[in-house]
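Heads up, the thing below is written out as structure tokens.
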Amino acid sequence: GAIFALRFARLYPRSVSSLFAISRAPIWREEWAAQMPKRQRFILGLARHMPQLLPLIMRATVAFIDKGHAKTLIHSLCQNSAADMQALKNAEILELMGRGCEEGLKQGVEAFCQDCLLAIIDFSEEAKLLETPFHILHGDLDQIVHISQSECFVANVPGTTLEIVEGAGQLLIYSHWDSVFRAIKRSHKNSN
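Following the working numbering, the numbering of the sequence shown begins with 683 at its first residue and continues without gaps.
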């Protein structure tokens with residue numbers, strides 16, 4: 683979402699009062715792939731080296747989800763993160779994510795494939811041109827996207843701020859939604 687927010691803010695700067703990136707800043711370095719769990723590393727490797735295979739892999743994923751295995755897929759994607767596995771013990775979070783997988787892929791796999799391609803592009807130079815700086819929320823226990831990536835974005839894009847959310851992993855927006863809500867409220871209050 684941060685990449686789309688960035689592009690919207692560049693095109694319509696007067697329509698944007700705050701910009702947030704949650705769990706992943708719009709920045710990429712090839713060496714970061716080695717920090718990621720194998721499933722995520724595999725998908726990003728395909729995006730980088732064989733993007734034409736992404737639709738095939740995603741169609742197989744959709745077939746798996748269509749057989750009622752969305753929650754199994756989510757557990758598989760989060761298995762390397764103790765904080766996220768803990769978050770998935772909350773039935774509401776798991777249900778929301780499962781329905782999100784099912785609904786998100788009903789329109790086809792093209793949008794997800796495009797997201798994978800965008801994930802391996804560095805948007806930090808474009809972010810330097812923004813009138814409204816990013817505020818990043820990143821979980822201190824994120825084992826999927828290392829916090830150093832957000833720190834790199836902060837170091838490279840002046841005005842960016844980083845808020846570290848204690849006890850959160852990649853699923854911060856689900857497990858620590860109250861921290862996200864408070865950050866949005868603070869931002870709204872500061873812009874008035």
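All C-beta atoms in this analysis are idealised placements derived from N, C-alpha and C, irrespective of residue type, glycine included. If you're wondering where the values come from, they're calculated on a predicted model, not measured in any experiment.
Round the Cβ separation of residue i and residue j to the nearest angstrom and send it over; I've been treating them as touching at under 8 Å.
i      : j      : result
Glu848 : Asp822 : 5 Å
Ala691 : Thr814 : 6 Å
Ser758 : Gly851 : So it is not a contact: roughly 15 Å between Cβ atoms.
Ile829 : Met718 : Rounded, the Cβ-Cβ distance is 13 Å, inconsistent with contact.
Alpha carbons only, please: which of the options is nearest the one belonging to residue i?
i      : options                : result
Ala716 : Leu726, Ile866, Lys749 : Leu726
His624 : Ala765, Arg689, Ala707 : No information on residue 624 is available, as it lies outside the stretch 683 to 874 that the chain covers here.
Tyr856 : Gln768, Ala752, Glu712 : Gln768
Ile685 : Ser699, Ile866, Ile709 : Ile709
Cys795 : Ser699, Ser700, Ala729 : Ala729
Between residue i and the ligand FAD, is there a pair consisting of the residue's CB and a ligand heavy atom that are separated by less than 6 Å?
i      : result
Ile829 : Among the ligands in the structure shown, none appear at all, so the ligand FAD cannot be discussed.
Put residue i into one of helix, strand or coil per three-state DSSP.
i      : result
Phe746 : helix
Phe805 : coil
Leu770 : coil
Leu701 : strand
Arg711 : coil
Gln734 : helix
Glu848 : coil
Arg692 : helix
Arg706 : coil
Ser857 : helix
Asn872 : helix
Is the region 837-849 touching the region 807-825 in the sense that three or more CB pairs, one from each, lie closer than 8 Å? Counting Cβ pairs under 8 Å, three or more are found: they touch.
Any 3 or more C-beta pairs closer than 8 Å across the region 813-829 and the region 787-794: Output reads no: the region 787-794 does not touch the region 813-829.
Could you tell me which whole beta strand (DSSP E) segments of length 3 or greater appear in the region 779-846? Taken in chain order, the unbroken stretches of beta strand (DSSP E) that lie wholly in the region 779-846 and span 3 residues or more are 816-821.
Counting pairs of Cβ atoms below 8 Å between the region 698-709 and the region 739-755, do you hit three or more? Contact check between the region 698-709 and the region 739-755: fewer than three CB pairs, one atom from each, fall below 8 Å, which does not count as touching.
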